[in-house]
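A.B. asks: In full-length UniProt numbering, the protein residues as written are 34 to 301. I am attaching a structure below and will ask some questions about it afterwards.
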Ligand code: CAA
């Protein structure tokens, strides 16, 4: 990957000798700690570019996003927005680039601190969210005279239900990582900040041991549930399920189970 100005990228491989076939994990660290990783247009451009590059690399199975410093991301960049007129916001279709954040491989958000406004919205765009005990989640836009603009009003209600979503969005109050886990916004609070990345990588390695086509298709089907009614969703799932029988990885996966050996995936 190229050198980005606002993020750091690296890659990790599982050192587990028992699982040599595991794919690597691409790590993206938001790296503007002085502004609490505020999501400027330039940072978002770096982020989406790096995610797309990892998405294309065959030896990468998943992506982890985390933040440097005390924030995951404290939201959109306030100085960048503060003087914008309606016409500027409208004519540039501000934040529409966030809708382009469509990555086929699983993305794990490792929330290391504040995930506010666009930061909370970014976490919700990821597929799995884990957090350190000090993490805080919130949609504080109303404090600024605005509303969430990168999916907060839509994704939060789907994640935690109406009453909790309304409370967060209308009061702007933050919730703790523990509360976020109870509410179903995140899947796990890890033991400490120190083990957060390790835990995220473990999830990435577990994903990297599976058939890569099945993994991407599973993500596509789960995401389709948010767009389709149940009948359409079940049909979409079933057709994709059928399609996997055309892959050699399905033959390999089932063959390996029957032979009691570890499958070797070919991504085909
Ligand atoms: N944009 C730009 N800079 C930000 C920022 C943001 N969203 N959040 C924090 N910063 C900057 C601060 O201005 C400060 O800079 P200086 O040192 O130059 O003064 C630096 O980061 C450190 O922040 P604080 O001194 O405020 O740190 P704190 O620990 O006292 O407070 C905080 C932390 C509670 C997160 C507080 O910084 C805060 O409330 N930040 C704003 C959060 C927010 O409102 N986010 C929503 C933005 S709007 C949005 O995201 C729209 C959308 O839907 C996409």
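Beta carbons are placed, not taken as given, at the ideal position from N, Cα and C, and that holds for glycine. These numbers come from a predicted model, not from an experiment.
#1: Return yes when the C-beta of residue 41 is under 7 angstroms from any heavy atom of the ligand CAA, and no when it is not.
#2: Give me the Cβ distance between residue 164 and residue 213, rounded to the nearest whole Å; I'm assuming they're in contact under 8 angstroms.
#3: Within this structure, are the beta carbons of residue 72 and residue 104 separated by less than 8 angstroms?
#4: Measuring only from the beta carbon, is residue 142 closer than 7 angstroms to any heavy atom that is part of the ligand CAA?
#5: How long is the line joining the alpha carbons of residue 139 and residue 61, rounded to whole angstroms?
#6: How about the stretch 200-210 and the stretch 172-184: do they share at least three Cβ pairs that are nearer than 8 angstroms?
#7: The ligand CAA and residue 124: does any heavy atom of the ligand fall closer than 7 angstroms to the residue's C-beta?
#8: Is the beta carbon of residue 109 within less than 7 angstroms of some heavy atom of the ligand SAM?
#9: State yes or no: is the C-beta of residue 154 nearer than 7 angstroms to some heavy atom of the ligand CAA?
#10: Could you check whether the Cβ of residue 161 sits closer than 8 angstroms to any Cβ belonging to chain C?
#11: May I ask you to report which of helix, strand or coil DSSP gives residue 44?
#12: Keeping to the same chain, check which residues put their C-beta closer than 8 angstroms to that of residue 223; ignore five residues upstream and five downstream.
#13: Going by CA-CA distance only, name the one from 130, 294, 251 and 147 that's closest to residue 183.
#14: Taking Cβ positions, are residue 134 and residue 180 nearer each other than 8 angstroms?
#15: Pull up the distance between the alpha-carbon of residue 313 and that of residue 291, whole angstroms please.
#16: Residue 66 and residue 101 - do their beta-carbons sit closer together than 8 angstroms?
#17: Does at least one heavy atom of the ligand CAA sit under 7 angstroms from the Cβ of residue 218?
#18: Between which two residues does the alpha helix (DSSP H) carrying residue 80 extend?
#19: For residue 106, which beta-bridge partners are listed by DSSP?
#20: Whole-angstrom Cβ separation of residue 208 and residue 269, contact assumed at under 8 angstroms?
#21: For the 8 angstroms Cβ check, are there 3 or more pairs between the stretch 214-221 and the stretch 181-200?
#22: Compare the beta carbon distance of residue 43 and residue 55 with 8 angstroms and say whether it is the shorter of the two.
C.D. replies: In short:
#1: Flag unset: Cβ of residue 41 not near the ligand CAA.
#2: Yes, residue 164 and residue 213 are in contact; Cβ-Cβ is about 7 angstroms, under 8 angstroms.
#3: For the 8 angstroms CB-CB criterion, residue 72 and residue 104 do not form a contact.
#4: Checking every heavy atom of the ligand CAA against the Cβ of residue 142, none is found closer than 7 angstroms.
#5: Spanning the two alpha carbons is a distance of roughly 13 angstroms.
#6: As far as the Cβ criterion goes, the stretch 200-210 touches the stretch 172-184, which means the pair count is three or higher.
#7: For the ligand CAA, not one heavy atom lies less than 7 angstroms from the Cβ of residue 124.
#8: As far as ligands go, the structure on display features the ligand CAA and does not contain the ligand SAM.
#9: Within the cutoff, so yes.
#10: Absent from the structure: chain C. Only one protein chain is present.
#11: In the structure shown, residue 44 sits in a strand (DSSP, three-state: E or B).
#12: Contacts found: 163, 164, 165, 166, 229 and 232.
#13: Looking from the CA of residue 183, the closest CA among 130, 294, 251 and 147 belongs to 130.
#14: Contact: no.
#15: Since the first residue of the chain shown is 34 and the last is 301, residue 313 is not available in this structure.
#16: Yes, these two residues count as a Cβ contact at 8 angstroms.
#17: The answer is no for residue 218.
#18: Note, residue 80: alpha helix (DSSP H), 74-89.
#19: Bridge partners of residue 106: 148.
#20: In fact, because the Cβ distance is near 33 angstroms, the residues do not count as touching under 8 angstroms.
#21: Yes, the stretch 214-221 touches the stretch 181-200.
#22: Their beta carbons are not under 8 angstroms apart, which means residue 43 does not touch residue 55 by this criterion.
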